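Following: one structure in structure tokens, then a few remarks.
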Amino acid sequence: MHELSIAQNIVDLVLENIAEEQRKVIAVNIKLGEISGVIPESLEFCFDVITKDTKLQGAKLNIERVSATAYCNQCDKTYQIEHLLFSCPFCFGSDIKILTGNELLISEIILSD
Ligand SMILES: [Zn+2]
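Its first residue numbered 89, the sequence shown is counted upward by one per residue in our numbering.
See below:
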């Protein structure tokens, strides 16, 4: 499962970051692009499973979806990609550049007081 290795990467990164930390991790906030191909529910599930018996046990994975946007090289417009229709809605061109929507990054690690 794709999400399992992604969840593992997130957990590894967080554990690395909190190696010296005595406090407990309450939540991990991530930004997930809409066209990243990652299913949020599945990622949450994997996260819960692999954090069991680690320093992250019980931590919540908060997923913030990032909408997909693209820039059209032909008509110079920026637009939102909807329903996985990548071509430009203004000129129907396909010479486009994806600006956002592919990201998967940890935005914040929330620790207990
Ligand atoms: Zn265009």
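Note that CB positions come from ideal geometry on N, CA and C, so glycine has one too.
Keep in mind it's a predicted model, so treat the numbers as computed, not measured.
Can you give me the Cβ contacts of A73 inside the same chain, cut-off strictly under 7 Å, excluding the 5 residues immediately before and after it?
Not covered by the structure: residue 73. The range shown for the chain is 89 to 201.
If you drop the 5 nearest sequence neighbours on each side, which residues of the same chain put their C-beta closer than 6 Å to that of D183?
For the purposes of this step, residue 183 is identified with residue 95 of the sequence shown, where counting begins at 1. Excluding residues within five positions, the ones whose Cβ falls inside 6 Å are N161 and Q162.
Does the beta carbon of F178 fall short of 6 Å from some heavy atom of ligand 1?
Working through the sequence shown from its first residue, we reach residue 178 at position 90. Within the cutoff, so yes.
Using three-state DSSP, classify C176 as helix, strand or coil.
Position 88 of the sequence shown, counted from the first residue, corresponds to residue 176. C176: coil per DSSP, three-state reduction.
Would the beta-carbon of K185 fall within 7 Å of that of Y167?
On the sequence shown, position 97 is the one that residue 185 refers to. On the sequence shown, position 79 is the one that residue 167 refers to. Cβ atoms of K185 and Y167: not closer than 7 Å.
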